[in-house]
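**Student:** Residue numbers (the numbering used here): 674 to 1027. Here you go, one structure.
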Amino acid sequence: MEEDEERPCYDRGNGSPYCSPIPTDIWKNGTQHQFVWNYKQVHPFYVTSEYLSLYLYYKENYAYQPVKNWTSIRRADGTLAVQVDNSWFPPNTTSTALYGYYLPAGMNPMKELSNPESQYPHPFNFTIIRPQLPSQSSGGVGQGNGHSALPGWAIALITVFSICAVALAAFLLICCIRRRRNDPKQQHDMYPVAGYDPYQHDEQQPSVMRGMTTTTDTGSSIYSTTPMMHATFSAPRLSSGNYSSRRSSNAMAPPTAILNNPSAVSHSNSSFTDAPVPSTSSSSRLADSTFMWMVDSSQEHNTTEEQRRRQLGEALLAQQLSEEEGASVKHAEKRPITVNGIKSEESRAVLEER
């Protein structure tokens, strides 16, 4: 036997159809080896074929399970160089026994293995081992290497599109953030007055805004008995709704003589039926100025005497209504100039004007 091992495989006779591997051989994962057979004095049943096929199996439940094969091998070559890898091992195993089976090319190996009367040599066996089981990532890499991968230009195109999508998303996010930051500034520019809310009720507005559109409560009507010394007149906003009232307010504004001479105006509890008091020079000037104020002394409008009388009557009627509303308020001192006195002075002024 030792002499047969020292001789080349092709010189060992028909009793040795193959020489490597033998049952005691152990091939490790990742190492290179050779399958060697007797190509000169081959088994008689192999002589009829120029090509051979080599099949590898492992046993599971006493049945052969195919794991690897090489077909169309030239019989005259005598050797086949191979490298052990993970594809040689059954799933979840680190060590197993493999069985090699030589057949002429084109024959059915499973049929010959199950045929107890087959004339071909029985399979030979050897052992393969690996240090550890392959991880899922390495298995995936191995499978990826076995299949066609994406070309380089496709990978580059996908990468470029991904970068563009990320950049576009970041740009849109920045635009949204800036727009939200600018919205409060725009609202502040539209309403520069602090504390003003256009949707808030007028009564809830700050006193600053109310002062822009309405007069203060300290100012009384010119027809009331309350003096107008401390009245505050503000300029309301002109609009289509209050333009006419603005004109009438301007027309009925008190003359400068009354505002500059507050001592000439005093409180009075008398009505229109009170007896007139003696007039003085100051009362005469007051009557003249009051009359001129009531009949609109503007030189731009040439009104007739009847229009002036009508305006005077309306002014006196408004004063009477205002006096009736303030009748409950009584003052200590008596007004020196009554309405009848004013009326007489107005009549005198009309005669003088004629």
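All C-beta atoms in this analysis are idealised placements derived from N, C-alpha and C, irrespective of residue type, glycine included. Quantities reported herein were computed from a predicted structural model and do not represent experimental measurements.
When DSSP labels each residue in this structure, what does T769 get in the three-state scheme?
**Tutor:** Reduced to three states, the DSSP call for T769 is strand.
**Student:** Compare the C-alpha of T769 against each of I836, T697, N711 and name the closest.
**Tutor:** Out of I836, T697, N711, T697 has the C-alpha closest to the C-alpha of T769.
**Student:** Grouping DSSP H, G and I as helix and E and B as strand, with all else coil, what is V1012?
**Tutor:** Residue placement at V1012 is poorly supported in this model, since its pLDDT is 47, which falls under 50; the coordinates still yield a value, given next. In the structure shown, V1012 sits in a helix (DSSP, three-state: H, G or I).
**Student:** Please state the DSSP three-state secondary structure of F797.
**Tutor:** Reduced to three states, the DSSP call for F797 is strand.
**Student:** For S787, which of Y724, W761, A736, F834 has the nearest alpha-carbon?
**Tutor:** Ranking Y724, W761, A736, F834 by Cα distance to S787 puts A736 first.
**Student:** Which class does L823 belong to by DSSP, given the choice of helix, strand or coil?
**Tutor:** Note: L823 maps to coil in three-state DSSP.
**Student:** Look up A867 in the DSSP assignment and say whether it is helix, strand or coil.
**Tutor:** Because A867 sits at a pLDDT of 46, beneath the cut-off of 50, its placement in the model cannot be relied upon, and the following sentence gives the value as read from the coordinates. Coil.
**Student:** Would you identify the three-state DSSP class for S745, choosing helix, strand or coil?
**Tutor:** Correct three-state label for S745: strand.
**Student:** For I847, which beta-bridge partners are listed by DSSP?
**Tutor:** DSSP, once it has assigned bridges, lists no residue as partnering I847.
**Student:** Which first and last residues belong to the beta strand (DSSP E) in which Q621 is found?
**Tutor:** This structure cannot speak to residue 621, because the chain is shown only from 674 to 1027.
**Student:** Is the separation between the beta-carbon of F797 and that of Y719 shorter than 8 Å?
**Tutor:** For F797 and Y719, no; Cβs fall outside 8 Å.
**Student:** Report yes or no: do the region 768-785 and the region 725-736 share at least 3 C-beta pairs separated by less than 8 Å?
**Tutor:** Counting Cβ pairs under 8 Å, three or more are found: they touch.
**Student:** Which of the three DSSP states, helix, strand or coil, is assigned to Q992?
**Tutor:** In this structure, Q992 counts as helix in the three-state DSSP scheme.
**Student:** Starting from the Cα of V743, find the closest Cα among V839, C848, G779 and give me that residue.
**Tutor:** Checking the displayed sequence, the identity of residue 743 turns out to be Trp instead of Val. Cα-wise, what sits closest to W743 is G779.
**Student:** In the DSSP output, which residue or residues are listed as bridge partners for W700?
**Tutor:** DSSP output for W700 lists I801 as bridge partner(s).
**Student:** Candidates I831, N702, K713, N759: which alpha carbon is nearest V740's?
**Tutor:** Of the listed residues, the one whose Cα sits closest to V740 is N759.
**Student:** Where do the N-terminal and C-terminal ends of the beta strand (DSSP E) with L806 fall, by residue?
**Tutor:** That residue, L806, is in no beta strand (DSSP E); it is neither H nor E in DSSP.
**Student:** In chain order, what residues of the same chain lie with their CB nearer than 7 Å to the CB of S693, ignoring the 5 residues before and after it?
**Tutor:** These residues qualify, in order along the chain: Q707, F708, V709.
**Student:** Within the present structure, is the beta-carbon of D750 separated from the nearest heavy atom of the ligand ATP by less than 7 Å?
**Tutor:** No copy of the ligand ATP appears in this structure; indeed no ligand is present at all.
**Student:** Assuming I699 and F762 make a contact with CB atoms under 8 Å, what is their CB distance in whole Å?
**Tutor:** Wrong, their Cβ atoms sit about 14 Å apart, outside the cutoff.
**Student:** T704: which of R803, F844, R685, N734 sits nearest, CA to CA?
**Tutor:** Nearest of R803, F844, R685, N734 to T704, Cα basis: R803.
**Student:** How is the alpha helix (DSSP H) around E733 delimited, first residue to last?
**Tutor:** Where E733 is concerned, there is no enclosing alpha helix (DSSP H), although the beta strand (DSSP E) it sits in stretches over 724-733.
**Student:** Return the CA-CA distance between C682 and I746, expressed in angstroms with no decimal places.
**Tutor:** Each residue's alpha carbon lies about 17 Å from the other.
**Student:** Around the C-beta of Q992, are 16 or more other C-beta atoms found within 10 angstroms, so that it is buried, or is it exposed?
**Tutor:** Burial call: buried.
**Student:** Put V833 into one of helix, strand or coil per three-state DSSP.
**Tutor:** Correct three-state label for V833: helix.
**Student:** Which residues mark the beginning and the end of the beta strand (DSSP E) in which S693 is found?
**Tutor:** Looking at the DSSP string, the run of the beta strand (DSSP E) that includes S693 is 691-693.
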